[in-house]
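Trainee:
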Amino acid sequence: MTRCRICDGQVRKFFDFGRQPLSDDFRAEEDVAGAFYFQLAVGVCASCSMVQLLEEVPRERMFNYDYPYHSSGSQRMREHFAQTARDLLAAELTGPDPFCVEIGSNDGVMLGVVKDAGVRHLGVEPSGGVAELARKDGVRVRTDFFEESTAAQIAAEEGHADVIYAANTICHIPYLDSVFRGVDALLKPGGVFVFEDPYLGDIVERHTFDQIYDEHFYLFTATSVREVARRFGFDLVDVRRLPVHGGEVRYTIARAGARTPSPAVDELIAEEAERRLHDLETLEGLGTGIDRICEDLVKLLRDLRDQGARVAGYGATAKSATVLNYAGIGPELLPCVYDTTPAKIGRLMPGSHIPIRSAAEFGRPYPDYAVLFAWNHTDEILARETGFTEQGGRWIVYVPSVRVL
Ligand code: SAM
Ligand code: TMP
Ligand code: ZN
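Residue numbers for the sequence shown follow the UniProt record's numbering, beginning at 1 and rising by one.
1. Beta carbon of CYS171: closer than 7 angstroms to some heavy atom of the ligand ZN?
2. In the DSSP assignment, find the unbroken alpha helix (DSSP H) run with HIS80 in it and report its ends.
3. Is TYR65 buried or exposed, if buried means 16 or more other CB atoms sit within 10 Å of its CB?
4. So, with DSSP's three-state summary, where would you put TYR67?
5. For LYS188, does the three-state DSSP call read helix, strand or coil?
6. What residues match up with GLY123 in a beta bridge as DSSP calls it?
7. Under 8 angstroms between the Cβ atoms of ALA166 and GLY112?
8. Pull up the distance between the alpha-carbon of GLY366 and that of LEU333, whole angstroms please.
9. Note down, in chain order, each residue of its chain lying with its Cβ closer than 7 angstroms to the Cβ of ALA374, except the 5 sequence neighbours on either side.
10. The alpha helix (DSSP H) spanning GLN52 covers which residue range?
11. If I follow the unbroken alpha helix (DSSP H) through ALA222, where does it start and stop?
12. Is DSSP giving GLN307 helix, strand or coil here?
13. If you compare alpha carbons, which of CYS48, HIS121, ILE173, LYS136 is closest to PHE145?
14. Below 8 angstroms between beta carbons: does that hold for HIS80 and VAL244?
15. Does the contact criterion of 3 or more C-beta pairs under 8 angstroms hold for the stretch 195 to 206 versus the stretch 232 to 249?
16. Identify every run of the alpha helix (DSSP H) within the UniProt domain "C-methyltransferase" (243 to 400), keeping only runs that are complete inside it and at least 4 residues long; order them along the chain.
17. Give every residue whose Cβ lies closer than 6 angstroms to any heavy atom of the ligand ZN, listed in chain order.
18. List the residues that DSSP assigns as beta-bridge partners of ASP238.
19. Can you find at least 3 beta carbon pairs, one from the stretch 229 to 239 and one from the stretch 149 to 169, that sit closer than 8 angstroms?
20. Using only the alpha-carbon positions, how far apart do GLU55 and THR288 sit?
21. Given this structure, state the Cα-to-Cα distance separating ASP107 from ALA82, to the nearest angstrom.
22. So, with DSSP's three-state summary, where would you put ARG5?
23. Could you name the residues of the same chain whose beta carbon sits closer than 6 angstroms to that of SER262, not counting the 5 residues immediately before and after it, in chain order?
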């Protein structure tokens, strides 16, 4: 039996993807033998409702100098984070000498805007390569994991923060007890801890099961986030649904009693109860959808191969590791994947060992079909790759179901 990482309750497993590689472990051909595998299974806590992975991958294996994901790689996400920074500057960073800390600041896409506004800031980012990119843009970064000890040191050296912000990072951190104690040590009495992550409600609704991989240790809901916040003397005071990455929620957390919760919190929690979002039956239904999608995708790719069609993948996303490895799709069905990220080009997809080529070569010549693994960037990619469809190319999507566009 697995114990809940938050409350020590019983975690009930609802899906098991089997042995899986690390989703961002893009290796050169000569290095594939040393790849790390773990059991990717996901469950829900019967006591506190937190949806979580059953096995924890050691953090240094995932987040190190070579971490390949660059937040600035998408125009839409650059705009999203610029707007986020402007919103925080206007609403929370208005007092004398305000201080903004970001957990998981990556290449500085959000803090760069805070810096340009002349506001004191600090990123906490364990992955040295992306931290260096941020520093090149003049963003202050501490290369470290955010946890209680780091937070206490920052408070001692730089004072307390008005805002602690994180995007697509808090769900990556199993040790939320240490994170919340750290927030407690670093946040001003009236400050806010704001974070946004993929929303379980959207994952269940849209069958975006490929959001489940090593780095996404938790799949949050308003219910489970309020529960964990309360355990550490905080309260969930606002929630806002965001359209990015296939559907996220931004949670605003303040010290208990410091702010009046917005009605949106109770509304979303009531909606989650009505949808029975944390029930084993609901979550097992997601599992049925996963198996159907993977079977349909493999069948389509086999049919296309048998017809002699040329098929490729587009977007070497972390998410795609779950799809490719669970469905058992390798180079024989999908000979290559195109991507814009320098650190991924020339490497192999984790586990499936499909070669990654530069997106600049996508049209030399275009394939007949392209599986859109970066479905969260659909608008941006379809707008850029108009030449593909003009030449008769067809996009294949697999969420919420397998379809040829
Ligand atoms: N915030 C960026 C965004 O939304 O695009 C980056 C998200 S990226 C998926 C997750 C980031 O969290 C990585 O850059 C990783 O190195 C960082 N990270 C992981 N564990 C962390 C921790 N304990 N403290 C701070 N950052 C962490
Ligand atoms: P993400 O789904 O984790 O944001 O990763 C998106 C991946 O897709 C990343 O490796 C960059 C790649 N990508 C492209 O190849 N072309 C594009 O236009 C965009 C937006 C992303
Ligand atoms: Zn629990």
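All residues carry an ideal CB built from backbone N, CA and C; glycine is no exception. Note that the structure is a prediction, hence the values are computed from the model and not measured.
Mentor: To lay it out plainly:
1. No, the ligand ZN has no heavy atom inside 7 angstroms of this Cβ.
2. 75 to 91
3. exposed
4. DSSP places TYR67 outside both helix and strand once states are collapsed to three, so it counts as coil.
5. strand
6. GLU102, VAL141
7. no
8. Note that residue 366 is Tyr in the sequence shown, not Gly. Their backbone Cα atoms lie some 17 angstroms apart in a straight line.
9. TYR314, GLY315, THR317, ILE381
10. Run containing GLN52: none in the alpha helix (DSSP H); it sits in the beta strand (DSSP E), 51 to 53.
11. 222 to 231
12. coil
13. ILE173
14. yes
15. yes
16. Runs of alpha helix (DSSP H) with 4 or more residues, each lying fully within the UniProt domain "C-methyltransferase" (243 to 400), are found at 263 to 274, 280 to 306, 319 to 327, 378 to 384, 386 to 390, listed in chain order.
17. Going by the Cβ distance cut-off, the answer is CYS4, ILE6, CYS7, GLY9, CYS45, SER47, CYS48, MET50.
18. THR252
19. Short answer: they don't touch.
20. 22 angstroms
21. Answer to the nearest angstrom: the Cα atoms are 13 angstroms apart.
22. Residue state, collapsed to three classes: coil.
23. ASP238
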